[in-house]
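Asker: Mapping the sequence shown onto UniProt numbering, position 262 (from 1) lands on 262, and the numbers just tick up by one.
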Amino acid sequence: MTGRDRLLEMKQLSGMEEGMLQRRPETTIPDNSLEQFLENVDEIRHVLMTLNMDRETIRKEQEDSLASGCADQLKCRRVNEHGDQFIRQARVVRQRLREATEDLKNYPENTFGTGRARHEQVRALVASFETIMAKFSEDHTEYKNRAGLKVAAYLRKQNIEVTDDQIDYAIENGSLFTLTRNITMGTEQKKSLFDDVKNRATDIMIIEKQIQEVAELFEDLHSMIQHQGETIDRIETSVCNATEYAGRAERNVKEAVQLRRKSYKWKIIICILLLILVLFVLAMIKVLSPI
Numbered sequence: 001m002t003g004r005d006r007l008l009e010m011k012q013l014s015g016m017e018e019g020m021l022q023r024r025p026e027t028t029i030p031d032n033s034l035e036q037f038l039e040n041v042d043e044i045r046h047v048l049m050t051l052n053m054d055r056e057t058i059r060k061e062q063e064d065s066l067a068s069g070c071a072d073q074l075k076c077r078r079v080n081e082h083g084d085q086f087i088r089q090a091r092v093v094r095q096r097l098r099e100a101t102e103d104l105k106n107y108p109e110n111t112f113g114t115g116r117a118r119h120e121q122v123r124a125l126v127a128s129f130e131t132i133m134a135k136f137s138e139d140h141t142e143y144k145n146r147a148g149l150k151v152a153a154y155l156r157k158q159n160i161e162v163t164d165d166q167i168d169y170a171i172e173n174g175s176l177f178t179l180t181r182n183i184t185m186g187t188e189q190k191k192s193l194f195d196d197v198k199n200r201a202t203d204i205m206i207i208e209k210q211i212q213e214v215a216e217l218f219e220d221l222h223s224m225i226q227h228q229g230e231t232i233d234r235i236e237t238s239v240c241n242a243t244e245y246a247g248r249a250e251r252n253v254k255e256a257v258q259l260r261r262k263s264y265k266w267k268i269i270i271c272i273l274l275l276i277l278v279l280f281v282l283a284m285i286k287v288l289s290p291i
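Written out as structure tokens, the structure is:
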């Protein structure tokens with residue numbers, strides 16, 4: 001399957017475009033049941049599997065690009081476009097996870113029967129997403145470093161010694177031409193070399209942009225999870241407090257019932273004692289009265 005086929009499949013499987021949440025028709029009706037929740041989890045898991053396969057495809061395309069050199073602009077462009085598409089789909093997944101995490105506040109983990117299952121499912125999805133994005137970032141960082149080495153190798157072939165800092169500075173400031181202006185060779189050869197270096201430098205700049213976007217995704221995801229965790233903790237604390245208050249009230253009622261029973265018991269005992277006392281007094285009066 002080609003890279004473009006994988007891009008088309010990702011769009012079809014996720015059923016969304018960036019910034020929109022166009023789920024498949026059967027999932028457009030709001031439903032907070034466990035069945036609907038599990039269906040949504042399956043959808044997200046399927047998109048995550050596709051996202052991970054796409055990451056592998058991008059990594060292979062990066063290898064092909066490094067092997068062929070950036071004179072093959074088609075391969076470089078395919079890698080960059082594929083990377084942009086990957087990040088757009090990652091944003092869609094992030095939004096789905098945001099919704100799933102937001103919904104957890106209605107199901108405190110330690111109180112509802114299905115609450116724990118929901119939390120575990122969402123945690124597993126978030127962990128899978130973080131793993132995929134971490135690997136994507138690692139692949140891109142390695143690709144960027146190897147592309148930088150390619151630029152240095154191109155220059156050193158012409159006895160131009162440059163440091164990594166010089167290459168980074170030249171790429172960031174668009175001054176790579178200053179590193180190649182003193183190359184003494186035929187015009188076509190020099191143009192070919194410069195095009196190679198320029199295209200690779202452009203490639204590195206795009207990679208850095210994509211790495212930054214992935215870092216922002218991570219930061220946003222962690223912030224979302226932390227905020228939602230604090231919200232859930234507050235809800236669970238309130239529920240626990242309410243449960244504690246209810247338990248305390250129940251104990252108070254039981255104690256009141258026991259005190260009431262004891263009160264009845266003492267009343268009966270007192271009545272019996274009073275009756276005995278009255279009978280005793282009457283008996284004494286009868287005994288002491290003159291015949």
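No residue lacks a Cβ here, since even glycine has one placed at the ideal position from N, Cα and C.
1) Output the boundary residues of the alpha helix (DSSP H) element that contains Leu149.
2) Count the C-beta pairs between the segment 143-154 and the segment 90-101 that are closer than 8 angstroms, then say yes if the count reaches three, no if not.
3) Could you say if the segment 157-165 and the segment 76-95 meet the contact criterion of at least three C-beta pairs nearer than 8 angstroms?
4) Please state whether DSSP places Asn106 in a helix, a strand or coil.
5) Can you find at least 3 beta carbon pairs, one from the segment 119-131 and one from the segment 73-82, that sit closer than 8 angstroms?
6) Given a threshold of 16 other Cβ atoms within 10 Å of its Cβ, counted over all protein chains shown, does Ala201 qualify as buried or as exposed?
7) Are Asn159 and Gln73 close, meaning C-beta to C-beta below 8 angstroms?
8) Would Ala147 and Ile204 qualify as a contact pair, given that the criterion is a beta-carbon distance under 8 angstroms?
9) Would DSSP call Asn159 helix, strand or coil?
10) Within a Cβ cutoff of 6 angstroms, which residues of the same chain sit near Lys144, ignoring the five residues on either side of it in sequence?
11) What are the start and end residues of the alpha helix (DSSP H) that includes Ser33?
12) Please classify Asn106 as buried or exposed, where buried requires at least 16 other C-beta atoms within 10 Å of its C-beta.
13) In whole angstroms, what is the alpha-carbon distance linking Ile272 and Lys262?
14) Quick check: what's the CA-CA separation for Ala117 versus Leu66?
15) By alpha-carbon positions, which one of Ile276, Asp103, Lys75 ends up nearest to Thr57?
16) Find the nearest neighbour of Met53 within the set Leu288, Phe136, Glu161, judged by alpha-carbon distance.
17) Look at the alpha carbon of Glu138 and the alpha carbon of Ile132, and state the distance between them as a whole number of angstroms.
Answerer: According to the structure shown:
1) Counted from its first residue, the sequence shown places residue 149 at position 149. That run of the alpha helix (DSSP H) goes 115-156.
2) no
3) no
4) Start at 1 with the first residue of the sequence shown, and residue 106 comes out as number 106. Helix, per DSSP.
5) no
6) Your numbering for residue 201 matches position 201 in the sequence shown. When all chains shown are included, Ala201 counts as buried.
7) Here residue 159 corresponds to residue number 159 of the sequence shown, with the count starting at 1. Here residue 73 corresponds to residue number 73 of the sequence shown, with the count starting at 1. Cβ distance not < 8 angstroms, so Asn159 and Gln73 don't count as in contact.
8) Residue 147 sits at position 147 when you count from the first residue of the sequence shown. Residue 204 sits at position 204 when you count from the first residue of the sequence shown. Contact: yes.
9) On the sequence shown, residue 159 is found 159 positions in, with the first residue counted as 1. Three-state DSSP puts Asn159 in coil, outside helix and strand.
10) Position 144 of the sequence shown, counted from the first residue, corresponds to residue 144. So the qualifying residues of the chain are Ile204, Ile207.
11) To locate residue 33, count along the sequence shown from 1; it is residue 33. From DSSP, Ser33 is part of no alpha helix (DSSP H); its letter is neither H nor E.
12) As a first step, residue 106 is located in the sequence shown; it is residue number 106 there, counting from the start. Classification of Asn106: exposed, given that the 10 Å Cβ count is below 16.
13) As a first step, residue 272 must be located in the sequence shown, where it is residue number 272. As a first step, residue 262 must be located in the sequence shown, where it is residue number 262. Rounded to the nearest angstrom, the two C-alpha atoms are 15 angstroms apart.
14) As a working note, residue 117 is residue 117 in the sequence shown. As a working note, residue 66 is residue 66 in the sequence shown. If I take the Cα positions, the gap works out to 45 angstroms.
15) As a first step, residue 57 must be located in the sequence shown, where it is residue number 57. When only C-alpha atoms are compared, the closest one is Lys75.
16) Here residue 53 corresponds to residue number 53 of the sequence shown, with the count starting at 1. If we check each option's Cα against that of Met53, Phe136 comes out closest.
17) On the sequence shown, position 138 is the one that residue 138 refers to. On the sequence shown, position 132 is the one that residue 132 refers to. Near 10 angstroms, if we compare the C-alpha coordinates of Ile132 and Glu138.
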